[in-house]
Each structure stands twice: as structure tokens, then as C-alpha cells.
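Below is one structure, written out as C-alpha cells, with a few remarks after it.
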Amino acid sequence: MSLEKGSSVSYKLVIGALLHALLGFSASHYTTAFNPIESLVKDFANQSISRHYNVTLDAGGMSWIWACLAGANALGAFVGAFLLPYPADKFGSRDTVMVFENIIELLAGVIQFVAVTWLNSVELLFVGRIFSGIALSFAMYVPVFLSECAPISQRGLFATISFLGIPFWNTIGATVGLPQLLGTADLWKWILVLPLIPAIIHLSLTPLFPKSPKFLYISKGSVEESIEAIIFYHGRTVDRNTVLAALDREAQLGRSSCNKQYATLREILKTRHLRMALFICVVANCAAELGGSDIATQYSTGFMTQLGVSSETSAWLTVLLLRAPACIAVLAGTILVDRCGRRPLMLCGLGMGVFATGTMFVSGLVSVSPTSSIIGVVGLFCSLIGYYSGPSFVAKMLPGELCPQASRSLTSAICFGGSWVPAIVEIFGFPPLQQSIGTFSFLPLFALGIISFVTLFIYLPETKGRDVDDIIGQWVSKDFDQEQTHLLKPSDKLHDVSSGYGTLTTRKSF
1 MSLEKGSSVS YKLVIGALLH ALLGFSASHY TTAFNPIESL VKDFANQSIS
51 RHYNVTLDAG GMSWIWACLA GANALGAFVG AFLLPYPADK FGSRDTVMVF
101 ENIIELLAGV IQFVAVTWLN SVELLFVGRI FSGIALSFAM YVPVFLSECA
151 PISQRGLFAT ISFLGIPFWN TIGATVGLPQ LLGTADLWKW ILVLPLIPAI
201 IHLSLTPLFP KSPKFLYISK GSVEESIEAI IFYHGRTVDR NTVLAALDRE
251 AQLGRSSCNK QYATLREILK TRHLRMALFI CVVANCAAEL GGSDIATQYS
301 TGFMTQLGVS SETSAWLTVL LLRAPACIAV LAGTILVDRC GRRPLMLCGL
351 GMGVFATGTM FVSGLVSVSP TSSIIGVVGL FCSLIGYYSG PSFVAKMLPG
401 ELCPQASRSL TSAICFGGSW VPAIVEIFGF PPLQQSIGTF SFLPLFALGI
451 ISFVTLFIYL PETKGRDVDD IIGQWVSKDF DQEQTHLLKP SDKLHDVSSG
501 YGTLTTRKSF
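In the numbering used here, the protein residues as written are 1 to 510.
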């Protein structure tokens, strides 16, 4: 393990993390925006289909249409996860989250607004929701970007700070749709373009932030630019040689594991330490979605209504008891992630998710009464608190902490995409399953949650304050160790080079 000597909290990195949190995750608004305006969206969909196809939907048909509109965002995020490696590898994590993500989000907002305002097209609204999901998937790379930029000792702090944007924008999405604000027949269309303002601001700030030191040094081989980025993100007192030495070790791990600059899936699966990192990241990201948080995010209003809570009270409970506490949970996570570590937060959050799905299952077994309402609300509350207190941000941080630069973007794409599979199944399947099997729809989540908890309890390492090469060293095979002894050719060994920043120890060739 190596920590950067002389590193201190850079005010530029603090400001950057807060800006990425407040502006970079505005696509999360679309995740909860439809929840409080469910009846308005259903009326629009029914009217659009009736006008274009001369068909009136029954309750079952409307249930499927509503599930498709709600789930389109998750479907788009699944697609976006597999589009992610191209901009991440070619242009770097900064441009992925500040340029590509915001352009896609602008396109999503315009498409949805036009669909509702002028074209009266539920199909185009679905397409717009797909694009908003792609933007959200790109935004999930923000913690990876910040983990590439931050000093090792502060990596968890800044990656977690960025995740404040998710509950923040989820809360805005759930709040602006209240009837007292924009949740009316005349005004709900403006909810669809609200995130465009932060997207434009975030896009315009791109030139102010250098690309990550890891991308510049390992992927581009630009020592001078990487040093400038290190100074920007770590502060002028940082020991640059120590940082460059850590980047060198990570670069060697990647180059010795694959034939090209970036690892292919085949190379990842053939190399034990890359394969183990991929396995843990996929399980962690999928497990984070098994606590019922997607149901709480998308369908909390309807779920509470079925338990006997009035629709207006359900909307307010969603904001006051679900969305606002989620922000507090992430704030607590920023304090605990570098004190308690990633592993305890991840496992505690998953355990709370298992408890939540079990509680929601029990609430459906009780006849509709104040008791069933209380049990159901407790389940929803524990679901979101469990998710945001650890799994939400720890799972997204893991690719940046377990994977060398060569395999990071592809591993991120696979695990981010994999995490949307259970989310899509939940979002698309929950309304129809609730109609057919009722509360038993929670049992698969409960069982899978227990399995994933046990798996991560066995395999998940603690990554707090550790270099990538230190963390994955436990999985490096003996053959790989022997290869490492012959890895450095004489021309590749460490030597001193002069630059505008003084004499630095680095490698001669990339």
C-alpha cells in the first residue's frame, strides 16, 4: 500500500466533485419524475394510443404501457453501459461524463418535450426515456473519473461526494411532480426539460477540468499533461514521483495482461486477477439492485396506495420519508467510506436491502390496514436507506479500485450493464406481477439478495487506501509473477527525466 506523501485536500478537487454531483447526475431526475405524475402519464398514454390507433386500453394493457414507460429509462441505461467503453477509452472519463453524457441528456429532454407538447406521441416519449437512460448510464462513470483523479487516501471521499447528485436529483424529480408544483395536466410537460439547465452548465465547464492523470499517463503516455493534472487535482505539495510510480505499476499490470492498450473480454477472462475483479464488480453492482430500491423509486406511490395510503399522502411520503433521507444516507456515506471502509458499508447496505424486501413481502400478507401501511412504508424506507448508505456508490467505485487502466472501462461497462438487468426485470415486471401473484413478487429479490450477500462476504476485499496493484496482488497467479520478473526490459526501467516541473522518475517508453 502506498499513500501520496504530501497530498492534501485540493480545493479544486472539492469544487469539482460538488459540481459533478450537482450537475453531472441531473439525468437521475428522470428516474423518479414519473412516479408522482403516474396518473397524468397514464392519461396521456391512453389518449395518445386512442387517437393514433383508435384503441382504448383496459387495466391490464395500461399496466404494461406504464411499465414500459417507467422501464424505458432502465432499458436505455442498459444500452448505454455497453456504449460506454468507446468514449471512455478514446476520449477519457472526463469527456465521457462532461461532454457525451450531457449532449445525450439534452437530446433526451428535447425528444420527450416534443413528444408530449406537439406530437402527442407515447412512442416518441418512450424513445426519449431510452436516451435519458443512456445519459444516466454515462453519468454513472463520474465516480470512476473522480477515483482516477483523487489521491488514494481521499479516493472514496470524492467518489462518494459525487453520488450525492443521485438522491439530490431523485428528490427533485419526486418533488416537482407534486400537484402543488408542476404535477398538473397543464404543467407536467415542463418536468421533462428541467434537467437541461444543469446539463448545459456542466457541458460548458468542460475546459476548466483536466482529463484524469491516469488517462493522460497510462493511455496517452503524456507525462507533462499528467503532471499538470496531478497538480490540479492533488495540489502543488503532492509528491509527484510517488504518484507517477503508482501509475507506472498500474500501467505494467495492464500491459502484461493484454496485447493491446486496452484489454479485450477474452483477455480479461483468461487473466485471473482481471477475471476476479470483473466477477466481484458484476456481483456487487447486481446485488445493489436487489434490495427493492428500483421499486421504491419507480412505484412507491402506487405501492403505498395499494396498502391503503391515499394518493396525495403517498406522494408526500415519497419525498419526506424516502427521497430526503436518501440524501442524508449518502452524506453519512461520505464520512464513513474512508473511515469504516468499502466492505462494511457494502455488506451492511445489502443486509438492509434483504430486510427491506422481506418486510415488503410481509406487508402484502397483512390485510389492508394501518398496520400493513406502516410495514410497507418501513420496507420502502429501509430499501432506499440501505441502497444509498453503501451499495449505490461502493459498487460503482469498485471498477476504479479493483481494475487497472487497461481493463477498467470494459469492466465498468459489463458491471454497469449487468446491474441494469435486475433493475429492468423489476421495473418492467413489477406491475404485471403485482396483479397476478401479489406480494409473492418480492420473494425472488429476497432470495437473490441473500445469495449475493453471502458471495460478497466471501470474496469482496477491502479497497480503502490501497493501490490497484496491492489489491489485486492476492489474485495474481504464479505464472504471472514469473512473467513480471522479465517484464521490464533495460530500456523500460525507471530513470530520471527533466521536465518543466523538475526531475521526475518515470519510465522511458509506453
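Every residue gets a Cβ at the ideal spot worked out from N, C-alpha and C, and that includes glycine. Since the model is a prediction, treat every value here as computed from it, not as a measurement.
| query | result |
| --- | --- |
| How would you call H29, buried or exposed, if buried means at least 16 neighbouring beta carbons within 10 angstroms? | buried |
| Tell me, to the nearest whole angstrom, how far the beta carbon of A296 is from that of L384; I am working on the premise that it is less than 8 Å. | 5 Å |
| According to DSSP, simplified to helix, strand and coil, what is D95? | helix |
| Do H20 and L146 have their beta-carbon atoms positioned less than 8 Å apart in this structure? | yes |
| Please work out which residues of its chain come closer than 6 Å, Cβ to Cβ, to F279, disregarding the five sequence neighbours upstream and downstream, and give them in chain order. | none |
| Report the option in P432, I424, L380 and A423 whose CA atom is closest to the CA atom of W64. | P432 |
| Distance, Cα to Cα, V319 vs N241? | 48 Å |
| Here's a check: name, in chain order, each residue in its chain whose Cβ is nearer than 7 Å to the Cβ of L322, leaving out the five neighbours to either side. | A296, S300, L380, F381 and L384 |
| Please name the residue, chosen from T175, F440, M304 and I458, that lies closest to A324 on a Cα-to-Cα basis. | T175 |
| If you count every other CB in all the chains shown that lies within 10 Å of the CB of K5, and 16 or more means buried, which is it? | Low local confidence applies: a pLDDT of 44 at K5 is under 50, so the model's placement there is unreliable, with the coordinate-based value given in what follows. Result: exposed. |
| First and last residue of the alpha helix (DSSP H) that includes A287? | R272 to A287 |
| Nearest by alpha-carbon distance to Q474: which of L124, N35, G177 and R272 is it? | R272 |
| Can you say whether L577 is buried or exposed, counting buried as having 16 or more other CB atoms within 10 angstroms of its CB? | There is no way to answer for residue 577, as the model of the chain reaches only from 1 to 510. |
| Given this structure, state the Cα-to-Cα distance separating I463 from A81, to the nearest angstrom. | Rather than Ile, the amino acid found at residue 463 in this sequence is Thr. When rounded, the distance between both Cα atoms is 24 Å. |
| Using the three-state DSSP reduction, which class does V238 fall into: helix, strand or coil? | coil |
| My assumption, with CB atoms under 8 Å, is that A33 sits in contact with I191. Please give the rounded CB distance. | 5 Å |
| Please name the residue, chosen from S162, L23 and E148, that lies closest to L331 on a Cα-to-Cα basis. | S162 |
| By the three-class DSSP mapping on this structure, what secondary structure does L205 have? | coil |
| Using three-state DSSP, classify L157 as helix, strand or coil. | helix |
| Which residues mark the beginning and the end of the alpha helix (DSSP H) in which G24 is found? | Y11 to G24 |
| Could you tell me the distance, in whole angstroms, from the CA atom of R129 to the CA atom of V193? | 12 Å |
| Once DSSP output is grouped into helix, strand and coil, what is the label at V176? | helix |
| Would you tell me roughly how many angstroms separate the C-alpha atoms of L347 and Y459, rounded to the nearest one? | 12 Å |
| So K189 is in the alpha helix (DSSP H); what residue range does that whole segment cover? | Counting along the chain, K189 falls outside any alpha helix (DSSP H), and DSSP gives it neither H nor E. |
| Would you mind stating whether I450 and V362 have Cβ atoms separated by less than 8 Å? | no |
| Since F215 and S93 are thought to touch, with beta carbons under 8 Å apart, how far apart are those beta carbons, to the nearest angstrom? | 6 Å |
| Tell whether a beta-carbon distance below 8 Å holds between N102 and A199. | yes |
| Distance, Cα to Cα, I230 vs V142? | 18 Å |
| Looking only at C-alpha atoms, which of I227, C286 and G173 sits nearest to T237? | I227 |
| Of all the options I424, P151 and G349, which has the alpha carbon lying nearest to the alpha carbon of F393? | G349 |
| Please work out which residues of its chain come closer than 6 Å, Cβ to Cβ, to G173, disregarding the five sequence neighbours upstream and downstream, and give them in chain order. | H29, T32 and A33 |
| Applying the criterion that 16 or more other CB atoms from any shown protein chain within 10 Å of the CB defines a buried residue, is G60 buried or exposed? | exposed |
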